[in-house]
Amino acid sequence: MSRKFNLFSRRDMLKISAGAGAGLALGNWSVFAQNSQSSGLIQRAIPSSGERLPLVGIGTARRYNVGTSAEERAPLKEVLKRLPELGGKLIDTAPSYGTAETVVGDLVRDIGNRDRLFIATKVRKQDLADAKKEIEQSFEILHTDKIDLIQVHNLVGLDDVLPVLREMKAAGRIRYVGVSTSSGRQYADFIKMMEIEDLDFIQVNYSMTSRTAAERILPLARDRGMAVLVNLPYSRGRVFQRAGDRAIPDWAADYADTWGQFFLKYILANPAVTCVIPGTAKIKYLEDNLGAARGPMPDAAIQKRMEQFYDALPS
Ligand SMILES: NC(=O)c1ccc[n+]([C@@H]2O[C@H](COP(=O)([O-])OP(=O)(O)OC[C@H]3O[C@@H](n4cnc5c(N)ncnc54)[C@H](OP(=O)(O)O)[C@@H]3O)[C@@H](O)[C@H]2O)c1
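Each residue of the sequence shown is one higher than the one before, starting from 527 at the first, in our numbering.
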C-alpha cells in the first residue's frame, strides 16, 4: 500500500496507542482520532522578537503565476484557506514571481484570513526609487497595510534598500526585515553581509541536494540571532525524481510517512532553520508538507543517515 496519504500514519498510530487507554476506554475513537490529526504544528521562535512560527510554510514561485480565472485560482484558494486551518501561517511570495503576489493578495482578501497569516514578500530593484515603488505596490497588491516581512531579493540593491526597510519597520509598516538568496554563487557576499548587518530573517536554499548552507550560513544565522527561511527545499522537485517510487526506509518511519516529510525533516533537523517554504499549490501537498511540522525531529546522526541513504540511490 502506498505510504503517501494514509489516514493514519505510523506516527499517529504510536500517539493513538499511547492514549488508547483513555480514548478507547471511553469509546471515543473519533474524537481521539480527530485530536491526534489536528494536533498543533511544532513552532520555532524568531530570535529578534520571540514570536513563534510553524516549522512549515508555503512558497508561491511559478505555481501561483496564474491568470484571473476562478478555475485557475480555485486550487490555490483552497490551499490558502486550509493553511491556517491546519495550523500553518507563513506564505512567501515576491513581485518578481509573475502574478503570484497578486494572486496571493486577491485570494487572501476574498477568503478573509489575512489576520491568521504571516506574509513574506521581497523587493528586487537596483534603483532606490524603483525599489520604493515596488514596495508600495506590494502593499496595494497584497491588500494590506502591514506586511510581516520584506526581504531584499537576492541581495539586489542591498545597501540602498535595507535602510528604507528599517525605516518602514520603525514606522510600523512592516514587522521584519530580511535578505534572501538561492544561489551558491552569492554565498560569499551573503556571508559578508550577514556578518555586518542586523537582520530579523535570512532566506537561503538548503536541501538534500544543496547542503552548503549548513557549513557557514546556518551557524552564522544562529550566532547572529537571525531567523532562517529555507527555500527550494525539494530542489524544485528533483529530490522526488531520485527517490522514485520506492518506499521510505523503515528506520525513517518514526520521522516521516512520505518522501516529502523525509526531505523536509532532513532540513528541519538543523536547529538554525525557523521555517521551510516548499512550493505548495495542491491541497494534498499542503497536508503532506505540514506533516513535517509534527512528531520527532531527526538528530544530527539521523540527518547524516538520511544523506547516506539518499546518496546511495541511483541517480
Ligand atoms: N532567491 C529567493 O528568494 C528564492 C528563490 C527560489 C525560491 N524561493 C521561494 O522558495 C519557494 C520554494 O521553492 P520552489 O517552489 O521553487 O521549489 P521547491 O519547494 O524546492 O519544490 C517545489 C516542487 O515540489 C513539488 N512538491 C511540493 N510538495 C510536494 C509533496 N509533498 N510531494 C511531492 N511533490 C511536492 C511541487 O510539485 P508541483 O509542481 O506538482 O506543484 C513543486 O514542483 C518558492 O516558491 C519561493 O517562495 C525564493
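Virtual Cβ for every residue (Gly too), placed ideally from N, Cα, C.
Residue i at chain B interface by Cβ criterion, 8 Å
i	result
Gln787	No chain B is present in this structure, which holds just one protein chain.
Distance, residue j Cα to residue i Cα
i	j	result
Ile617	Leu839	32 Å
Phe856	Tyr732	The chain is shown from 527 up to 841; residue 856 falls before or after that span and cannot be answered.
Asp671	Ala571	24 Å
Gly624	Thr594	12 Å
Arg762	Glu693	35 Å
Glu721	Pro797	20 Å
Pro804	Met719	25 Å
Thr619	Ser841	31 Å
Arg578	Gln569	6 Å
Ser556	Lys810	Bear in mind that the predicted position of Ser556 carries a pLDDT of just 30, short of 50, making it unreliable; the figure below should be weighed with that in mind. Their Cα atoms are separated by approximately 22 Å.
Glu833	Met734	7 Å
Lys659	Gln652	12 Å
Ile774	Gln767	13 Å
Leu812	Thr806	6 Å
Tyr590	Pro573	30 Å
Short Cβ contact (8 Å threshold) for residue i with residue j
i	j	result
Leu643	Lys607	no
Gln729	Leu681	no
Asp814	Thr784	yes
Leu794	Leu581	yes
Leu755	Phe789	no
Leu654	Asp686	yes
Thr800	Ala769	no
Ile676	Val703	yes
Ala626	Ala657	no
Ile667	Ile700	no
Glu723	Leu688	yes
Tyr781	Pro745	no
Val649	Ile637	no
Status (buried if at least 16 other CB within 10 Å, exposed otherwise) for residue i
i	result
Val765	buried
Gly585	buried
Ala600	exposed
Gly553	With a pLDDT of 31 at Gly553, under the threshold of 50, the predicted position of this residue should be treated as unreliable, and no value is reported.
Ser664	buried
Ala696	exposed
Pro621	buried
Gly751	exposed
Gly698	exposed
Ala827	exposed
Ala596	exposed
Ala747	buried
Gly576	exposed
Reduced DSSP category for residue i - H, G, I as helix; E, B as strand; rest coil
i	result
Thr848	In this structure the chain extends from 527 to 841, so residue 848 is not present and cannot be described.
Pro689	helix
Asp780	coil
Gly805	strand
Asp674	strand
Ile617	strand
Pro580	strand
Ala826	helix
Gly710	helix
Gly593	coil
Gln729	strand
Val705	strand
Gln652	coil
Ile700	strand
Leu552	At Leu552 the pLDDT is 32, less than 50, meaning the model places this residue with poor confidence; the figure from the coordinates comes in the next sentence. Looking at Leu552 - three-state DSSP - the assignment turns out to be coil, as it is neither helix nor strand.
Asn757	strand
Residues near residue i in its chain [Cβ-Cβ closer than 6 Å; skip 5 each side]
i	result
Gln787	Gly817, Ala818
Leu612	Leu816
Val802	Val582, Val756, Pro759, Leu790, Ile793
Tyr836	Met734
Ile743	Val730
Sequence-distant residues of its chain with Cβ nearer than 7 Å to residue i (five each side left out)
i	result
Met633	One point to set straight first is that residue 633 is Leu, not Met, in the sequence displayed. Contacts found: Arg599, Leu602, Lys603, Leu606.
Ala739	Val730, Asn731, Tyr732
Ser565	Confidence at Ser565 is low in this model, with a pLDDT of 48, below 50, so its placement is unreliable and the value that follows should be read with caution. These residues qualify, in order along the chain: Arg820.
Close Cβ partners of residue i (< 8 Å) along its chain, the five nearest in sequence each way excluded
i	result
Pro610	Asn639, Arg642, Leu643
Gln829	Tyr792, Ala795, Asn796
Arg737	Glu833
Arg669	In the sequence under discussion, the amino acid at residue 669 is His, which differs from the Arg named in the question. Result list for His669: Gly631, Asp632, Val634, Arg635, Arg640, in chain order.
Ser709	Asn680, Asn731
Lys808	Pro601, Val605
Thr628	Ile667
Ligand 2 heavy atom lying under 7 Å from the CB of residue i
i	result
Ile809	As far as ligands go, the structure on display features ligand 1 and does not contain ligand 2.
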